[in-house]
Amino acid sequence: MYKNITIRTSLTLVLGLLGALLVLVSVLGLQALSSSNESLNKMATEDTPALAELKGTGEQILRTRLSMATYASYVSLGANQEESEKVLNRGTQYIAASHALWSDYLKRPKEDAHEAELAKTADDKRRTFFDKVVTPALNALKQGDVAGFHQIQARIAPSAYAALDSALRELQDIQVARQKARFDAAQQRYNVMRIAMGATLVIALLLALWGRAMLARAVLRPIREVISHFERIAAGDLSQRVEQRTRNEMGQLFGALGRMRDGLASTVGTVRESTEAIHTSAREIADGNANLSQRTESQASSLEQTAASMEELTAVVKQNAENARAASQLAVTASDTAARGGDVVQEVVTTMRDIAQASQKVTDILTVIDGIAFQTNILALNAAVEAARAGEQGRGFAVVAGEVRTLAQRSASAAKEIKGLIEASGNRVETGTRLVERAGATMVEVVQSVKRVTDIMGEISAASVEQSSGIEQVNRAVTQMDEMTQQNAALVEEASAAAAALETQAARLRESVALFRLSAREAAHSHAGSTANATLNPALGTLALAA
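With UniProt numbering, the residue at position 202 of the sequence shown is 202, and numbering never jumps.
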């Protein structure tokens with residue numbers, strides 16, 4: 001259900017729900033705080049001051065009565081007039097304070113009609129109390145009528161004060177009840193907010209756990225799987241394919257990783273094919289050079305025999321010049337020897353032509369190897385680019401790709417050196433061929449001269465001189481051929497060493513590429529590619545057969 005949900009959608013959903021819960025809790029909290037603040041404000045600015053004013057009014061009335069009673073006692077006992085006046089003045093101040101507090105209370109707005117009615121009733125009773133009790137009693141005291149004061153206090157004051165005190169207590173009870181109602185409402189709001197915030201906290205915790213599980217399924221688990229794929233690729237294991245199972249960002253990551261793995265596997269397979277082809281070609285070149293070295297040694301031995309034969313021919317010619325009488329017999333012998341020399345020279349010419357053809361074939365093969373090395377270099381460069389795209393995980397493969405590229409460049413350099421040596425060897429073989437052809441022509445002249453000696457005995461001396469000169473030229477030509485053959489042998493040895501080095505480099509390149517493991521299908525495709533490359537290089541097989 002959650003596989004195809006994008007990470008952006010998941011984060012938006014979780015954060016949106018958490019944000020909504022936060023807003024809900026904030027709104028509820030602000031509402032509760034506003035209600036509590038309003039209740040506390042009314043308690044502080046209305047209820048508590050009203051209650052204090054009501055209590056203060058009652059207390060000031062009690063202090064007034066106490067002051068007047070004290071003054072009456074002082075007068076009855078004949079106390080100091082000044083002290084008595086101070087007591088009475090304090091009573092007058094208490095009356096003023098009581099009036100001020102009651103006036104402040106009456107100015108306050110009333111919560112309901114019942115309180116307003118009780119306030120009016122209390123005001124009437126208070127007026128009655130002051131008019132019938134306080135004012136007459138105070139006037140009696142000021143006039144010195146203590147008996148009149150006591151008479152008022154005994155007959156009128158108790159009932160009037162009781163009525164006033166009852167009215168004031170009712171108003172105080174209303175203020176106390178109102179404060180208790182406000183406190184109860186605040187307590188109820190507190191309990192509701194506590195339950196709401198607790199429930200919201202539980203919901204937020206469950207939502208966070210659900211979001212964590214969803215993100216773990218959508219992000220953490222695929223990331224661990226991606227890391228596992230990267231570790232296998234870094235270890236050279238390309239046998240397991242990467243499948244894209246979702247359409248979200250992690251699915252796109254798997255798709256890109258799969259394409260990278262497929263491209264890397266294709267590149268490695270191509271490099272492996274080229275490596276196998278280079279290794280096979282290098283081995284065939286080494287075998288061909290070994291056979292060529294053996295043939296060159298055989299050619300050198302044949303040239304030594306030819307030189308010995310020419311020395312014998314020289315001796316025969318000299319003996320023919322000294323012994324003119326035996327000219328016919330010696331001429332026949334010289335003719336036979338010259339014929340054999342001509343055959344040997346003809347064989348030398350044929351051998352030199354074979355060497356030239358073999359050198360040309362080696363040059364063609366080295367051209368093919370140079371092309372293969374260039375392709376391997378290009379493939380290694382592509383592999384390095386792919387590894388660079390893989391980032392930190394592809395650094396190991398980038399090192400391997402760099403090593404492959406270095407080996408390919410060394411293979412190309414070795415192939416070029418071998419090609420240069422083979423071309424130099426071919427030039428020298430061509431020069432030797434021309435010298436051998438000249439030697440063959442000289443041998444033909446020798447044979448004709450011997451035949452003429454047999455027919456014309458009179459010209460034997462001149463013919464002997466000509467034969468001696470021709471034989472000297474043949475000796476020089478054979479000597480040059482021997483030197484060229486020795487040089488060819490050295491070049492063949494160098495070519496063999498270069499081919500062996502090329503085979504060693506190809507083996508190292510194959511070992512480097514063997515680090516990677518491909519799937520069975522890709523390995524089969526790589527094997528088929530190697531077979532096709534072998535088919536596309538018939539020159540290598542031809543060289544091996546010729547060797």
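Glycine included, each C-beta is placed from N, C-alpha and C at the ideal position.
Bear in mind that the values here come from a model prediction, so they are computed numbers and not experimental data.
Around the beta-carbon of residue 190, fewer than 16 other beta-carbon atoms lie within 10 Å, marking it exposed. The shortest CA-to-CA distance from residue 330 to any of 106, 316 and 339 is the one to 316. Judged by DSSP in its simplified three-state form, residue 173 adopts helix.
Taking C-beta atoms under 8 Å as the contact rule, residue 502 and residue 422 fail to qualify, at a distance of about 13 Å. Close CB contacts of residue 394 within its chain, under the 6 Å cut and outside five residues either way in sequence, are with 387 (chain order).
In the DSSP assignment, residue 67 falls within the alpha helix (DSSP H) that extends over 48 to 77.
The region 367 to 386 makes contact with the region 400 to 408, as at least three CB pairs between them are under 8 Å.
Straight-line measurement puts the Cα of residue 261 at about 10 Å from the Cα of residue 267.
Between residue 172 and residue 30, the gap from beta carbon to beta carbon reaches 8 Å or more.
Boundaries of the alpha helix (DSSP H) harbouring residue 233: 221 to 234, taken from the DSSP string. Counting C-beta atoms within 10 angstroms of its own C-beta, residue 183 has fewer than 16 neighbours from the protein chains shown and is therefore classed as exposed. If you ignore the 5 residues before and after residue 397, its C-beta comes within less than 6 Å of the C-beta of 387, all in its own chain and listed in chain order. Secondary structure of residue 237 (DSSP, three-state): strand.
Take the alpha-carbon of residue 356 and the one of residue 435: they are about 14 Å apart. Note that the C-beta distance between residue 496 and residue 289 is below 8 Å. Taking the Cα positions, residue 150 is about 22 Å away from residue 82.
Counting C-beta atoms within 10 angstroms of its own C-beta, residue 400 has 16 or more neighbours from the protein chains shown and is therefore classed as buried. For residue 106, the closest of 116, 224 and 112 by C-alpha to C-alpha distance is 116. With respect to the 8 Å criterion, residue 125 and residue 167 are classified as neighbours on the basis of their beta carbons.
Judged by DSSP secondary structure, residue 129 falls within the alpha helix (DSSP H) whose first and last residues are 113 to 129.
Residue environment for residue 222: buried (at least 16 other C-beta atoms within 10 angstroms of its C-beta). Note that the C-beta distance between residue 433 and residue 352 is below 8 Å.
For the pair residue 275 and residue 506, the CB atoms are nearer than the 8 Å cut-off.
With 16 or more other CB atoms across the displayed protein chains lying within 10 angstroms of its CB, residue 361 is buried. The beta carbon of residue 121 sits closer than 7 Å to the beta carbons of 167 from its chain, once the five residues preceding and following it are set aside; these are given in chain order. Assignment of residue 109 by DSSP, reduced to helix, strand and coil, places it in the coil class.
Residue 326 and residue 299 have their alpha carbons spaced roughly 36 Å apart.
Within the region 134 to 172, the alpha helix (DSSP H) runs of at least 4 residues that lie entirely inside it are, in chain order, 135 to 142 and 146 to 155. By the Cβ criterion, the region 3 to 18 is in contact with the region 209 to 226, since at least three pairs of Cβ atoms, one from each stretch, lie closer than 8 Å.
Three or more Cβ pairs closer than 8 Å define a contact, and the region 226 to 239 falls short of that threshold against the region 62 to 70.
Rounded to whole angstroms, the separation of the alpha carbons of residue 232 and residue 26 is 51 Å.
Approximately 10 Å separates the beta-carbon atoms of residue 428 and residue 481; this is outside 8 Å, ruling out the contact.
The beta carbon of residue 75 sits closer than 8 Å to those of 84, 141, 144 and 146, all from its chain and outside the five residues before and after it, given in chain order. Residue 320 and residue 295 have their C-alpha atoms some 37 Å from each other.
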